[in-house]
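Peer 1: Residue 111 in the numbering used here sits at position 30 of the sequence shown, with consecutive numbering throughout.
Note that CB positions come from ideal geometry on N, CA and C, so glycine has one too.
Can you keep this structure in mind? I'll have questions shortly.
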Amino acid sequence: MQCITSNQNFQVPPMLYGTAWKKERTANLVAQALENGFRGIDTACQPKHYEEALVGEGCAHFYAKGGKREELFLQTKFTPTEGQDPQRVPYNPQASLEEQILTSCNISKHNLQTDYLDSFLLHSPLFPYSNLLKAWKVFESLLEKGDVRHIGISNCYDLQLLQKLYTDARIKPWCVQNRFYADVHYDTTLRAWLKDKGMIYQSFWTLSANPHILHSLILQEIAQTYGKSTAQIFYRYVMHQGIIPLNGTTSAQHMKEDLSILEFTLTPLEIARIDALLV
Ligand SMILES: NC(=O)c1ccc[n+]([C@@H]2O[C@H](COP(=O)([O-])OP(=O)(O)OC[C@H]3O[C@@H](n4cnc5c(N)ncnc54)[C@H](OP(=O)(O)O)[C@@H]3O)[C@@H](O)[C@H]2O)c1
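In structure tokens, the structure reads:
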């Protein structure tokens, strides 16, 4: 899979395989995704939604077949206590924020059977802002120690907050991972700012939140032109925007189809027609 180059000058796969909600199927599906050509994986140290250790098992299948760790881009997240199932918090919720993040990072490295993470995201902003900054400093220290290579944030829809973090951070976030949906106007303003700063936007719910786009006549017409599905056309569209979509398909057929979309390009007119659907 042809990688894209981030502003921080590293290579990132143009689509990441999403591992949420796969439960006991996680290891097999990750192995299958890697077999089909995915090289980037998104997960989280959040047992409520992710089986991170099974993601590691899926990667182990890849290594057993001759794959190398450095061929993979492994991304995981520190999930604050509010996002955890109170019965299954993977770290001591009473510990300091710094301890929680350090423990979570260590568990993720253990789960993913690796001694470094390619990308470590803060799953959601923390409030008050002083806590967000405190967490970010721990993220920076993990990067400086070599535990993680790149740091970012997720579920941050407030551009002012992001700008404040960007200003205060010694090490800037390389990406923002957000839900790509109409309620936040597809983060159009935020994405323009990220682009200006050279940061990357990762989208989730790209298909699930947008059935109205996938079923639109415009998408159907373009899909027919290329002999592709509307899902493939929409993924191709978001990639034309420089977005890295997360893709959590459980279908081998969809894995293959979605990885093949870089074989064609949409015309500027087709892109403009889809742009007009994002309101
Ligand atoms: N940061 C966060 O807070 C957050 C929140 C939610 C999700 N995520 C991440 O995002 C990942 C993706 O989740 P998602 O909610 O965006 O959606 P998704 O899991 O990618 O869901 C896509 C849905 O569309 C279907 N589909 C139909 N055609 C498809 C095609 N050609 N390719 C792919 N899927 C197709 C899939 O069904 P089939 O299985 O039949 O293909 C699936 O039901 C998660 O696994 C997780 O890693 C992050």
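Locate the beta strand (DSSP E) running through residue 99, then write down its first and last residues.
Peer 2: 97-99
Peer 1: Scan the region 226-305 and note each continuous beta strand (DSSP E) run of 3 residues or more that stays entirely inside, going in chain order.
Peer 2: 232-235, 256-260 and 281-285
Peer 1: Given this structure, state the Cα-to-Cα distance separating residue 119 from residue 313, to the nearest angstrom.
Peer 2: Roughly 15 Å between the two C-alpha positions.
Peer 1: Starting from residue 328, follow the beta strand (DSSP E) in both directions and report where the run begins and ends.
Peer 2: Here the beta strand (DSSP E) through residue 328 covers 325-328.
Peer 1: Mind checking whether residue 125 and residue 158 have CB atoms under 8 Å apart?
Peer 2: yes
Peer 1: Going by the CB atoms, is the gap between residue 156 and residue 97 shorter than 8 Å?
Peer 2: In terms of Cβ geometry, residue 97 and residue 156 form a close pair [threshold 8 Å].
Peer 1: With a threshold of 8 Å, are at least 3 pairs of Cβ atoms found where one atom belongs to the region 324-332 and the other to the region 280-289?
Peer 2: yes
Peer 1: Whose CA, out of 311, 170 and 123, lies closest to the CA of residue 139?
Peer 2: 123
Peer 1: Cα separation between residue 88 and residue 342?
Peer 2: Approximately 23 Å between the Cα atoms of the pair.
Peer 1: Within 10 angstroms of its Cβ, does residue 257 collect 16 or more other Cβ (buried), or is it exposed?
Peer 2: By the 10 Å Cβ count, residue 257 comes out buried.
Peer 1: Within 10 Å of its beta-carbon, does residue 100 have 16 or more other beta-carbons around it, so buried, or fewer, so exposed?
Peer 2: buried
Peer 1: Label residue 84 either buried or exposed according to how many other C-beta atoms from any shown protein chain fall within 10 Å of its C-beta, with 16 as the threshold for buried.
Peer 2: Classification for residue 84: exposed.
Peer 1: Would residue 132 pass as a contact of residue 160 if the rule is Cβ separation under 8 Å?
Peer 2: no
Peer 1: Would the beta-carbon of residue 331 be found less than 7 Å away from any heavy atom of ligand 1?
Peer 2: yes
Peer 1: By how many angstroms is the C-alpha of residue 255 removed from the C-alpha of residue 265?
Peer 2: Distance from the CA atom of residue 265 to the CA atom of residue 255, rounded to whole angstroms, is 21 Å.
Peer 1: Rounded to the nearest angstrom, how far is the Cβ of residue 165 from that of residue 127, given a contact under 8 Å?
Peer 2: Yes, residue 165 and residue 127 are in contact; Cβ-Cβ is about 6 Å, under 8 Å.
Peer 1: Just to check, is the beta-carbon of residue 327 closer than 7 Å to a non-hydrogen atom of ligand 1?
Peer 2: Within the cutoff, so yes.
Peer 1: Going by the DSSP bridge assignment, what does residue 93 pair with across the sheet?
Peer 2: 85
Peer 1: Expressed to the nearest angstrom, what Euclidean distance is found between the alpha-carbon atoms of residue 178 and residue 301?
Peer 2: 48 Å
Peer 1: What residues are listed by DSSP as bridge partners for residue 156?
Peer 2: 123 and 200
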